[in-house]
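Chains as they are written, first to last, in our numbering: chain A, 98 to 637; chain U, 545 to 615. Backbone N, C-alpha and C define an ideal beta-carbon position, used for all residues, glycine too. Inspection log for the structure reproduced underneath, given as structure tokens.
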Amino acid sequence: KDDQWKQDAPELNLESHSKGTAHSAGPPSSRQRFQRPESFENPPMYVAVMTYLGFGIVTLFGYFRDFLRAVGLEKCHIAREREEQKDFVPLYQDFENFYTRNLYMRVRDNWNRPICSLPGPVFDVMERVSPDYNWTFSLTGKTIDDVINMGSYNYLGFAENDGDFLKTVADRTQQYGLGVCSTRQEMGNLAIHEELEQLVATFLGVESSMIFGMGFATNSMNIPALVGKGCLILSDELNHTSLILGARLSGATIWVFKHNNMQSLERLLREAVCSGQPRTHRPWRKVLIMVEGIYSMEGSVVRLPDIVALKKKYKAYLYLDEAHSIGAVGPTGRGVTELFGLDPSDIDVMMGTFTKSFGAAGGYIAGKKELVDYLRSHSHSAVYASAMSPPVTEQILRAMKCIMGLDGTTVGQARVHQLAENTRYFRSRLQEMGFIIYGNDDSPVVPILLYMPGKVVAFSRAMLKRKIGVVVVGFPATPITEARARFCLSAAHTKAMLDQVLFDLNELGDDLCLKFSRRKYSPRPQQHNNNDDTDFELDS
Amino acid sequence: MDFKYLKEYLGWLYYQYLLITGIYVLEPWEQSIFNSVFFSSVAMVIYTSYAFVPVHVRLALNSLVQALLCH
């Protein structure tokens with residue numbers, strides 16, 4: 098059985114491609130990274146059969162239980178209309194909730210677990226029990242202490258409550274208070290916001306930037322300001338819901354291309370240029386390519402050099418959502434632009450969030466000054482949404498200054514290196530053990546494929562018993578046969594913690610039979626281009 | 545053969561069966577229903593194959609041999 102390797106050498110004649118291969122001497126060039134393949138290995142056939150079998154049996158029992166509830170033999174816990182309303186238009190769509198009612202409710206103790214401490218590298222989880230198979234929960238009052246946190250987006254470890262680090266945040270809270278009580282356009286434009294915007298622009302290497310209070314709203318409220326009817330959006334198949342929502346709200350035509358597939362994108366671009374708008378065949382007003390830096394469900398990295406070359410060839414615009422990649426990839430944490438060695442001015446709209454690597458909340462959009470000035474007056478978020486709170490702004494300022502080294506220490510740089518080292522160590526050890534992992538070797542998001550619904554649930558419960566907190570994702574967030582556990586690595590994880598997690602994963606992998614990979618790995622996997630970065634020596 | 549390890553191994557096999565068929569997520573009484581239906585149908589298949597397959601095979605071979613001899 099062959100693995101499904103995504104194309105790693107596009108047939109386009111790209112000048113950046115040849116520039117990369119001409120580099121043989123010198124420091125490990127980041128240009129050579131885009132030749133690294135990403136693997137999405139297929140499991141053996143019996144795994145897919147068993148997954149469907151498991152879902153089928155649970156579905157049959159779901160019908161059986163629905164029948165019992167309809168007949169009245171069993172008490173119904175879900176929302177129901179009153180007797181007097183039975184003849185009206187149905188308020189609760191019974192069948193659409195079939196999956197929620199009959200599978201999710203049975204196992205929902207694995208999600209929404211209440212946490213009662215800082216979500217750092219270790220945290221405390223509140224213990225819950227359920228007397229009626231997860232329809233209701235009650236807290237026992239006890240906590241499970243020191244659970245290793247493998248689910249929080251804490252890439253650089255800035256989710257911390259150390260008094261020394263947070264001194265400036267406390268000072269700003271004293272100065273500005275907590276609430277802003279206005280929008281940016283009215284009275285909410287504080288000096289600290291302007292300071293942060295300048296810092297973000299310097300950090301990314303662009304002319305100007307604008308910040309918003311909520312990351313999801315940054316995408317969904319700003320895309321409608323940039324494109325409208327008569328424009329075309331080319332969106333990757335695995336884009337985040339915020340991008341999809343923003344695209345739909347804008348009213349533009351949306352075409353979807355296969356994930357990271359440059360042939361598919363080029364075909365769509367050609368068709369867009371050749372045929373124009375659907376009925377009138379007028380040229381499109383704007384063509385916007387929307388991609389993400391790191392896709393959080395797959396851990397794959399966008400093929401940025403190819404997309405930039407395509408965009409220049411077909412005169413399209415590029416919207417890059419770096420929610421997971423800003424601060425987490427790149428030699429100095431500047432994101433995928435730095436990872437591939439590209440010029441930031443090639444990307445028209447750079448968007449990112451502060452939730453993941455900076456330990457705060459909110460998002461930004463950066464680019465040319467004309468773009469950002471236009472957004473200041475035309476974006477829904479700028480005009481109507483409340484501005485970012487001062488302590489949050491100061492947290493981002495201190496985190497960004499730390500990463501850039503402006504606070505005089507090398508703590509930030511050390512964290513970026515630690516994250517890269519943790520990522521490479523963890524991924525290589527998991528591949529050696531025989532798990533199927535998706536995604537690029539540089540991404541700190543590691544999805545381990547579990548496939549079967551029973552195993553997903555057993556995995557999450559067993560890991561909590563061993564005091565490791567993981568996030569498991571199943572249908573409908575992922576395709577039905579590809580349920581997974583998603584690990585988010587952090588610079589705050591020590592090697593001891595990672596070793597503990599790997600040890601438990603190894604035992605659980607044998608216990609639950611999760612090691613589906615059919616590839617043989619030597620202890621030191623040689624990369625495709627044989628260009629191991631010599632800064633980190635990993636002892637596996 | 546150590547009986548403790550055998551019991552543990554059989555328990556592990558049953559656990560795998562629960563995970564693979566997806567029964568792990570169901571309540572115990574539903575698991576009992578499924579187990580009884582499944583194991584009784586497996587028992588019936590085994591009995592049928594033991595009782596009838598040799599007879600059917602023998603009859604089929606006889607008719608095949610007769611057909612070949614007649615021609």
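Query                                                                                                                                                           : Result
Apply the 10 Å Cβ neighbour rule to A/F152 and answer buried if 16 or more other Cβ atoms are within range, or exposed otherwise.                               : buried
So if I threshold CB-CB distances at 9 Å, which residues from the stretch 552-582 of chain U count as touching chain A?                                         : W556, Y559, Q560, L562, L563, I564, T565, G566, I567, Y568, V569, L570, E571, E574, I577, F578
For A/T434, which residues of its own chain have a beta-carbon under 6 Å away from its beta-carbon, when the five flanking residues on both sides are left out? : P441
What does the Cβ neighbour count give for A/C173, buried or exposed, with the cut at 16 atoms within 10 Å?                                                      : exposed
Report yes or no: is there a C-beta of chain U within less than 7 Å of the C-beta of A/Y230?                                                                    : yes
Can you name, in chain order, every residue of its own chain whose Cβ lies under 6 Å from the Cβ of A/E467, other than the five neighbours on each side?        : none
Kindly list, in the order they appear in chain U, the residues whose Cβ is closer than 7 Å to that of A/F158.                                                   : L570, E574
Can a CB atom of chain U be found closer than 7 Å to the CB of A/R128?                                                                                          : Its pLDDT being 48, under 50, A/R128 is placed unreliably by the model, and nothing is read from it.
So, at 6 Å on beta carbons, what are the nonlocal neighbours of A/Y535 in its own chain, with the 5 sequence-adjacent residues on each side left out?           : F137, E395, G396, P544
So is A/A119 in contact with chain U if we call contact Cβ pairs under 7 Å?                                                                                     : Confidence at A/A119 is low in this model, with a pLDDT of 37, below 50, so the placement of that residue should be treated as unreliable; the coordinate-derived value is given next. A/A119 does not count as touching chain U.
Would you list, in chain order, the members of the stretch 547-559 of chain A that have their beta-carbon closer than 8 Å to a beta-carbon of chain U?          : M549, P550, G551, K552, V554, A555
In chain order, which beta strand (DSSP E) runs of at least 3 residues are fully inside the stretch 456-495 of chain A?                                         : 460-464
Which partner residues of A/T240 appear in the DSSP bridge assignment?                                                                                          : A/M223
A/S227: which of A/N336, A/R205, A/G348 sits nearest, CA to CA?                                                                                                 : A/R205
Within 7 Å of any Cβ in chain U, is that where the Cβ of A/M594 sits?                                                                                           : no
Return no unless some Cβ of chain U is closer than 7 Å to the Cβ of A/M202.                                                                                     : no
Look up A/T315 in the DSSP assignment and give the residues it is bridged to.                                                                                   : Answer is none; A/T315 lacks a bridge partner.
Let me confirm a value: A/D259 is counted as buried when at least 16 other C-beta atoms fall within 10 Å, else exposed. Which label applies?                    : exposed
Can you tell me whether DSSP reads A/F556 as helix, strand or coil?                                                                                             : helix
Let's test the definition: count the other Cβ atoms within 10 Å of the Cβ of U/M588 and tell me whether it reaches 16, buried, or not, exposed.                 : exposed
Between which two residues does the alpha helix (DSSP H) carrying A/P218 extend?                                                                                : A/P218 -> no alpha helix (DSSP H), and no H or E assigned at all.
Is the distance from the Cβ of A/G531 to the Cβ of A/K612 below 7 Å?                                                                                            : yes
To the nearest whole angstrom, what separates the beta carbons of A/I175 and A/R203, a pair I think is in contact under 8 Å?                                    : At roughly 13 Å, the Cβ-Cβ gap does not stay under 8 Å, so A/I175 and A/R203 are not in contact.
For U/Y549 and chain A, any beta-carbon pair shorter than 7 Å?                                                                                                  : no
Assign A/L287 to one of two classes, buried (16 or more other C-beta atoms within 10 Å of its C-beta) or exposed (fewer than that).                             : buried
Residue range of the alpha helix (DSSP H) that A/C173 falls in?                                                                                                 : Neither: A/C173 is in no alpha helix (DSSP H) and is coded neither H nor E.
If I'm right that A/Y548 touches A/T148 with Cβ under 8 Å, what's the distance once you round it to whole angstroms?                                            : 5 Å
What does the alpha-carbon distance come out to for the pair A/L599 and A/T578?                                                                                 : 25 Å
Who are A/Q585's beta bridge partners in DSSP?                                                                                                                  : In the sequence as presented, Gln is not what sits at residue 585 of chain A; that position holds Cys. Answer is A/V542, bridged to A/C585.
Using the beta-carbon count (16 or more within 10 Å), is A/R400 buried or exposed?                                                                              : buried
Using a cut-off of 9 Å between C-beta atoms, extract the partners of A/L609 located in chain U.                                                                 : Y559, Q560, L563
With a threshold of 7 Å between beta-carbons, can A/I154 be considered close to chain U, or not?                                                                : yes
Please classify A/V324: is it buried, with 16 or more other beta-carbons within 10 angstroms of its beta-carbon, or exposed?                                    : buried
Taking any Cβ of chain U, which residues in the stretch 134-153 of chain A have a Cβ under 9 Å from it, in chain order?                                         : M147, T148, L150, G151, F152, G153
If you reduce the DSSP assignment to three classes, tell me which class A/T520 lands in.                                                                        : helix
To the nearest angstrom, how far is the alpha carbon of A/I351 from that of A/R382?                                                                             : 13 Å
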